[in-house]
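Residue numbers (the working numbering): 1155 to 1470.
For each residue, glycine too, the CB sits at the ideal point set by N, CA and C.
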Amino acid sequence: MTPPRRDATTNVVPPGSRVSRRGFLELLGLAGAAGAAGAMGLASPLGAQTAAVGGGAALPPGYAPGWPDGVMSGDPQPDGTVLWTRVADPGVADDVPIVWEVAEDAAFGTVVAGGMVAAGSATGRTAKVVVTGLASDRWYHYRFSAAGSTSPAGRLRTAPGTGASPDSLTLAWCSCQQRSSLFVAQRAIANEPDLDLWMHLGDYVYVNDVTTLSLDDYRSMYRLWRTDADLRLVQAQLPTVAVWDDGEFYNGIDRTGDPTRLANAMTAWVENFPIVPPGGDPTRIHRSIRWGDLVDLVMIDTRQYRDPAIDATDTR
1155 MTPPRRDATT NVVPPGSRVS RRGFLELLGL AGAAGAAGAM GLASPLGAQT
1205 AAVGGGAALP PGYAPGWPDG VMSGDPQPDG TVLWTRVADP GVADDVPIVW
1255 EVAEDAAFGT VVAGGMVAAG SATGRTAKVV VTGLASDRWY HYRFSAAGST
1305 SPAGRLRTAP GTGASPDSLT LAWCSCQQRS SLFVAQRAIA NEPDLDLWMH
1355 LGDYVYVNDV TTLSLDDYRS MYRLWRTDAD LRLVQAQLPT VAVWDDGEFY
1405 NGIDRTGDPT RLANAMTAWV ENFPIVPPGG DPTRIHRSIR WGDLVDLVMI
1455 DTRQYRDPAI DATDTR
């Protein structure tokens, strides 16, 4: 079997169908893996999947994905969303094959979407799935499984359908999250009932130095910030809609910055959020999220196109 590519995220569950967990495994060709998992005493029902779908992936014995950054969903659409996670680096070049699944219930007894995706070294072991074919204006549960391990479960929400007239959109937002203080706001958002989504308006990380330059340097900032359990919690509990500010690049960034450094910062940001840049442009994040006929959330990019700041000098 050919190893799954990072973009091989085809939903194996027919649109509009609802299948049991075993039915989902059969659609993936992993029915035997479920039985093997039980025989091996693995906690995950997909625990034996790597042997079944690895397709030649030479993952080290005992490799554990770890799910160090948790899980995220984002940019909800009327028929779906984008799912995201990251696995620990296995120390080899092979992709890590991952099973993803979306279910109506928290026990994952009724699966409505699922398939395979791969986490490769080219994207810092992150994986994204563009999910379609879901019902509009409702909540679902999702998770990932790989190498005998299942990720924390997350919740996703779809937007109201085209032409729908929702009564409200309830959201929370935050920005400028410094690691010098506790993420109590993020914990409060995660525990707030009846929210539809949360927005992050930039300065998710803070780069205030001249040494964060390479792509790996910028990736490491997101790894560091996501060691916070409260941040991982809110990202699993609610859909994320995000944009960047200057903290994700360096203080005061504008369009005249070093092109290589700016490209590395942009790549790291796009890798680490559940977003598919519009129009296939990997540097574009300005976009809109429509919530029926109630509101358009217009997400703007205030950094990469801006002119240098004017000196605060009184010239009168």
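Each residue's CA atom was taken as its position, placing L1369 and L1325 some 32 Å apart. Two segments are said to touch when three or more pairs of C-beta atoms, one from each, lie closer than 8 Å; by this definition the stretch 1402-1409 touches the stretch 1360-1377. In the DSSP annotation of this structure, S1174 is not part of any beta strand (DSSP E), being labelled neither H nor E. Where A1272 is concerned, the enclosing beta strand (DSSP E) starts and stops at V1265 to A1273. Within 10 angstroms of the beta-carbon of V1250 lie 16 or more other beta-carbons, which makes it buried. From the listed residues G1317, T1381, A1242 and A1212, the smallest Cα separation to R1444 is found for G1317. Secondary-structure assignment with DSSP links W1352 through a beta bridge to A1326 and T1394.
Cβ atoms of P1428 and T1394 come within 8 Å of each other, at about 6 Å. Under the criterion of beta carbons closer than 8 Å, L1213 and D1243 do not qualify as touching, at roughly 11 Å. Bridge pairing for M1453: R1441 [DSSP].
Distance check between E1180 and each of G1268, V1225, A1396 and A1261 places G1268 closest, using alpha-carbon atoms only. When DSSP reads this structure, T1277 sits in no beta bridge, so it has no partner.
Cβ atoms of F1262 and R1175 come within 8 Å of each other, at about 6 Å. Between the C-alpha atoms of E1346 and D1408 there is a straight-line separation of about 36 Å. In the structure shown, V1241 falls within a coil segment according to DSSP collapsed to helix, strand and coil. D1259 and L1416 have their C-alpha atoms spaced approximately 42 Å apart. In the structure shown, S1374 adopts helical secondary structure according to DSSP, grouped into three states. If you look at P1214, you'll find it isn't in any beta strand (DSSP E); DSSP assigns it neither H nor E. Take W1238, set aside five residues on each side of it, and the residues of its chain with a beta-carbon closer than 6 Å to its own are M1226, K1282 and P1428, in chain order. Each residue's CA atom was taken as its position, placing G1220 and P1306 some 10 Å apart. Non-local C-beta neighbours of T1286 in its own chain, meaning closer than 6 Å and more than five positions away in sequence, comprise D1233 and G1234, ordered along the chain.
With fewer than 16 other CB atoms across the displayed protein chains lying within 10 angstroms of its CB, I1454 is exposed. G1315 is not a Cβ neighbour of S1275, given a cutoff of 9 Å.
The beta carbons of R1341 and L1288 sit about 28 Å from each other, so the pair does not count as a contact at 8 Å.
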